[in-house]
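Below is one structure, written out as structure tokens; the observations come after it.
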Amino acid sequence: MASNLAKMVTPLLRSSLPKLKCVTVDVTGTLIAYKGSLGDYYCLAAKRIGLPCPDYDRMHEGFKVAYKEMAKKHPCFGNAANMPNIEWWRTVVYNSFLKAGYEYDSETLEKIFVRIYRTFGSAAPYELLADAKPFLHWIRKQGITVGVVSNAEHRYRDVILPTLGLNQGSEWDFGVFSGVDGVEKPDPRIYELALEKAGVENACEALHVGDSYKKDYLPAKAVGMHAILLDRFSTVESKLWKENGATVLSNLVEVEKHMHSRWNLIPEEQGVRVQSPCDETNDLSQAVVSA
Numbered sequence: 001m002a003s004n005l006a007k008m009v010t011p012l013l014r015s016s017l018p019k020l021k022c023v024t025v026d027v028t029g030t031l032i033a034y035k036g037s038l039g040d041y042y043c044l045a046a047k048r049i050g051l052p053c054p055d056y057d058r059m060h061e062g063f064k065v066a067y068k069e070m071a072k073k074h075p076c077f078g079n080a081a082n083m084p085n086i087e088w089w090r091t092v093v094y095n096s097f098l099k100a101g102y103e104y105d106s107e108t109l110e111k112i113f114v115r116i117y118r119t120f121g122s123a124a125p126y127e128l129l130a131d132a133k134p135f136l137h138w139i140r141k142q143g144i145t146v147g148v149v150s151n152a153e154h155r156y157r158d159v160i161l162p163t164l165g166l167n168q169g170s171e172w173d174f175g176v177f178s179g180v181d182g183v184e185k186p187d188p189r190i191y192e193l194a195l196e197k198a199g200v201e202n203a204c205e206a207l208h209v210g211d212s213y214k215k216d217y218l219p220a221k222a223v224g225m226h227a228i229l230l231d232r233f234s235t236v237e238s239k240l241w242k243e244n245g246a247t248v249l250s251n252l253v254e255v256e257k258h259m260h261s262r263w264n265l266i267p268e269e270q271g272v273r274v275q276s277p278c279d280e281t282n283d284l285s286q287a288v289v290s291a
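Here full-length UniProt numbering is used: the sequence shown runs in plain steps of one and ends on residue 291.
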């Protein structure tokens with residue numbers, strides 16, 4: 001009797017939810033990942049021009065300080081100040097080495113910068129996570145609009161995502177990029193802008209998926225969206241997130257299953273499937289620039 005009642009109630013609960021019209025997805029840590037740490041690339045650039053290899057940990061910490069200071073002074077990669085993207089990053093790179101204790105002359109710093117800027121303007125430091133593309137394809141097959149929301153500049157949109165096989169029109173429909181649109185996470189307005197671009201008037205008809213509690217989950221919920229928190233590496237904080245009511249899942253395969261169950265979407269066996277990504281894919285905990 002109880003079993004039959006549960007079978008009757010579950011479809012009713014599903015039908016009471018508004019139809020899902022849009023899914024927005026974070027990029028770095030959710031769809032793509034850094035290969036190694038940022039400090040590795042900064043040290044390698046110095047070695048390539050004949051300098052002794054700087055200390056990796058010092059460089060990583062120097063970058064974090066320089067990036068944080070620049071992001072505070074000129075947020076959204078200098079969008080409001082109409083600062084050229086290359087100048088914003090030049091300041092960050094120069095200051096990263098200075099704050100790490102490496103006082104190179106300007107000519108040397110410029111040689112290092114050129115290599116770093118070129119590297120991060122390509123897909124070389126990134127890799128596509130195994131569950132990303134099938135997940136995006138599955139959502140779009142449901143007739144649901146897909147948006148990507150990222151604290152990133154135009155090179156993510158124009159070069160990096162397409163090179164990794166994530167193209168507008170086939171994997172995602174629209175994007176909100178902080179360096180392009182002038183608003184960044186955790187400001188809830190970035191999600192309001194996403195809803196506007198998607199043509200969704202009621203936030204309860206949209207879902208956001210991302211790997212940051214502060215930058216993805218909380219601001220998306222603040223504007224009325226559904227939200228799922230991705231925790232690929234079983235972080236210590238995930239227990240607290242769950243206690244605070246967050247839906248926390250380990251990969252996009254699990255997100256798909258959850259969406260099917262909650263919104264009565266096409267079952268996973270009828271969609272596109274891949275093996276769940278291995279935990280050893282990347283050390284995302286060392287990635288500093290989150291998207």
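Where is the CB? At the ideal position from N, CA and C, for every residue including glycine.
Query: Residue(s) in a DSSP beta bridge with Phe177; Result: Ser150
Query: Three-way DSSP call (helix, strand, coil) for Thr163 in this model; Result: helix
Query: The alpha helix (DSSP H) enclosing Glu69, as first and last residue numbers; Result: 56–73
Query: Inter-stretch contact at 8 Å, needing at least 3 Cβ pairs: the region 172–184 / the region 115–128; Result: no
Query: Bridge-paired residues (DSSP) for Gln168; Result: Trp172
Query: Ala194: first and last residue of the uninterrupted alpha helix (DSSP H) it sits in; Result: 189–198
Query: Test item: CB-CB of Pro18 and Glu205 under 8 Å; Result: yes
Query: Contact set for Leu249: own chain, Cβ-Cβ below 8 Å, skip 5 residues either direction; Result: Ile228, Leu229, Leu230, Asp231, Val255, His258
Query: With 16 other Cβ atoms within 10 Å as the buried cut-off, status of Lys133; Result: buried
Query: Residues bridged to Gly210 (per DSSP); Result: Leu229
Query: Close beta carbons around Cys43, own chain, < 6 Å, minus the five adjacent residues each side; Result: Cys53, Pro54, Tyr56, Met59
Query: In DSSP terms, what Ala33 is bridged to; Result: Glu127
Query: Proximity of Ile49 and Ile116 at Cβ, strictly below 8 Å; Result: no
Query: Nearest-angstrom Cα separation, counted from Asp105 out to Leu218; Result: 43 Å
Query: Below-8 Å beta-carbon distance, Pro75 vs any chain C residue; Result: In summary, chain C is missing from the structure at hand, where a single protein chain is found.
Query: Cα-Cα separation between Ile144 and Lys197, rounded to whole angstroms; Result: 14 Å
Query: For Val236 and Asp26, the rounded distance between their alpha carbons; Result: 21 Å
Query: Helix, strand or coil at Leu51 [DSSP, three-state]; Result: coil
Query: Reference Glu127; option with closest CA among Pro162, Asn95, Trp138; Result: Pro162
Query: Same chain, Cβ closer than 6 Å to Glu243, neighbours up to 5 away in sequence not counted; Result: none
Query: Reduced DSSP secondary structure (H/G/I, E/B, other) of Val93; Result: helix
Query: Three-way DSSP call (helix, strand, coil) for Leu265 in this model; Result: coil
Query: Val253 in three-state terms, based on DSSP; Result: helix
Query: Beta-carbon spacing of His137, Glu171 below 8 Å; Result: yes
Query: Bridge partner(s) assigned by DSSP for Cys204; Result: DSSP lists no partner for Cys204.
Query: Spatial distance of residue 306 from Val253 (CA atoms); Result: Nothing about residue 306 can be reported from this structure: the residues present for the chain run from 1 to 291 only.
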